[in-house]
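Q:
Residue numbers (our numbering): 1 to 382.
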């Protein structure tokens, strides 16, 4: 329950940041809960995704769907450990639709676990009982819901490492291709979501990625392009992050949407408990945090080397930073402002570099404070 609470708090925080930025964002999120059936039918009939290999650009996931997926995947971890073995992979189906208002977005409204278990990147729904379960579930949903099955999810509960384990294995890719060949031509584009439950527990927020497979005849014009669009020349690194089929599928960014009323309820439920999330993590002990801080410091140091700090004009730096002491008319201060531009550019670059260093120091101090607080309260920092 503790890990589930932390994950829920993390999800609520992410949703609040993404959806609470403006009133317009709330209206967009509320619109996800309804749709024009005629516009959706027209979109299904035209099926533009059949003409473009990377037609879809993102996936929007509802609170109900992400909560069900996380609970199901974490139950597989607990079940496997209770049996004295490794965490178990689990699988389920996704309910949703392509969004007629933003056609390049797939909307996931709900998730339904399946009685499927597997190990080591192999989870297949080919058992007769599972197929019958899916048929019965689909028939029931046709009578009660307006959406269709439009995707599937499964977990990769592997050991924690430097990279996320959200990728498609060869078996996963074969399964996704079968779904796309069966459903895409009939106006129902299919998506695959992979979750990393152990990393989700460690990071206190959902760790998942959405994918679609390229058609077999598709070839990329960009060499060494990975599913997320990054160019990685090291084959070993590509295999570690994306598996052996790294060039046969692509990633869709995932966003969460929540209605304005549901967000208000979540804020009331979590505002008194978010301190638990702070004390439940130790950023200084996180290898990713350490690597990122080192990279940022190196970048700031390299930027400093390119600047002529000794010959930077203090007056120009003070003016650009808003701390100039000259406030009288058009005398000396006015002259320095009129000649700013190219002469002030090095000072502005220096100010920017200093600001980055200060931000890093503030972040590191915050992490050290958390670590010290945990040491005083609990006697450990893990």
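By construction, the Cβ of each residue, glycine as well, lies at the ideal position given by its N, Cα and C atoms.
Which same chain residues end up closer than 6 Å to residue 253 when comparing Cβ atoms and leaving out the 5 residues on each side of it in sequence?
A: 58.
Q: Please tell me whether residue 193 and residue 210 are closer than 7 Å, where the distance is taken between their beta carbons.
A: Yes, Cβ-Cβ distance for residue 193 and residue 210 is below 7 Å.
Q: Tell me which residue opens and which closes the alpha helix (DSSP H) that residue 81 is part of.
A: Residues 63-82.
Q: Return yes when the C-beta of residue 38 is under 6 Å from any heavy atom of the ligand SAM, and no when it is not.
A: The model depicted lacks the ligand SAM and carries no ligand whatsoever.
Q: Which term fits residue 365, buried or exposed, when burial requires 16 or more other beta carbons within 10 angstroms of its beta carbon?
A: That one is exposed.
Q: Out of curiosity, what's the CA-to-CA distance linking residue 53 and residue 306?
A: Residue 53 and residue 306: Cα-Cα distance of roughly 43 Å.
Q: Report buried or exposed for residue 131, applying the criterion of at least 16 other Cβ atoms within 10 angstroms of its Cβ.
A: With fewer than 16 other Cβ atoms within 10 Å, it is exposed.
Q: Determine the extent of the alpha helix (DSSP H) in which residue 200 is found, giving its start and end residues.
A: Counting along the chain, the alpha helix (DSSP H) containing residue 200 begins and ends at 197-203.
Q: Return yes when the Cβ of residue 102 is within less than 7 Å of the Cβ of residue 147, no when it is not.
A: Contact: no.
Q: Could you give the DSSP three-state label for residue 49: helix, strand or coil?
A: The answer is helix: DSSP assigns residue 49 an H, G or I state.
Q: Between the region 77-94 and the region 207-222, are three or more C-beta pairs nearer than 8 Å?
A: Taking 8 Å as the limit for Cβ pairs, the verdict is that the region 207-222 does not touch the region 77-94.
Q: What does a CB cutoff of less than 6 Å around residue 63 pick up in its chain, not counting 5 residues either side in sequence?
A: Excluding residues within five positions, the ones whose Cβ falls inside 6 Å are 258.
Q: Per DSSP, residue 112 is paired with what?
A: In the DSSP output, where bridge partners are listed per residue, residue 112 has 93.
Q: Would you decide whether residue 33 is buried or exposed? Buried here means 16 or more other CB atoms lie within 10 Å of its CB.
A: With fewer than 16 other Cβ atoms within 10 Å, it is exposed.
Q: Drop a sphere of 10 angstroms on the beta-carbon of residue 175, count the other beta-carbons inside from all chains shown, and report buried for 16 or more, exposed for fewer.
A: It counts as buried.
Q: Thinking just about the alpha-carbon of each residue, which of 294, 370, 350 and 375 is nearest to the one in residue 360?
A: Of the candidates 294, 370, 350 and 375, the one whose C-alpha sits nearest the C-alpha of residue 360 is 294.
Q: Ordered along the chain, which non-local residues of its own chain (more than five positions away) have a Cβ less than 7 Å from that of residue 363?
A: Closer than 7 Å at Cβ, skipping near neighbours: no residue.
Q: Compute the distance between the beta-carbons of residue 156 and residue 165, then report whether it is under 7 Å.
A: Their beta carbons are under 7 Å apart, which means residue 156 touches residue 165 by this criterion.
Q: Which of the three DSSP states is assigned to residue 242 in this structure?
A: Helix, per DSSP.
Q: Consult DSSP for residue 117 and reduce its assignment to one of helix, strand or coil.
A: In the structure shown, residue 117 sits in a strand (DSSP, three-state: E or B).
Q: Alpha carbon to alpha carbon, what distance is there between residue 195 and residue 368?
A: If you take the alpha carbons of residue 368 and residue 195, they lie about 30 Å apart.
Q: Can you tell me where the beta strand (DSSP E) holding residue 151 begins and where it ends?
A: Counting along the chain, the beta strand (DSSP E) containing residue 151 begins and ends at 148-155.
Q: Looking at residue 56: is its Cβ nearer than 7 Å to the Cβ of residue 94?
A: Not a contact, by the Cβ cut-off of 7 Å.
Q: Assuming residue 181 is part of the alpha helix (DSSP H), what are its boundary residues?
A: 170-183 is the span of the alpha helix (DSSP H), which, as asked, contains residue 181.
Q: How long is the line joining the alpha carbons of residue 128 and residue 51, rounded to whole angstroms?
A: Computed Cα separation, rounded: 34 Å.
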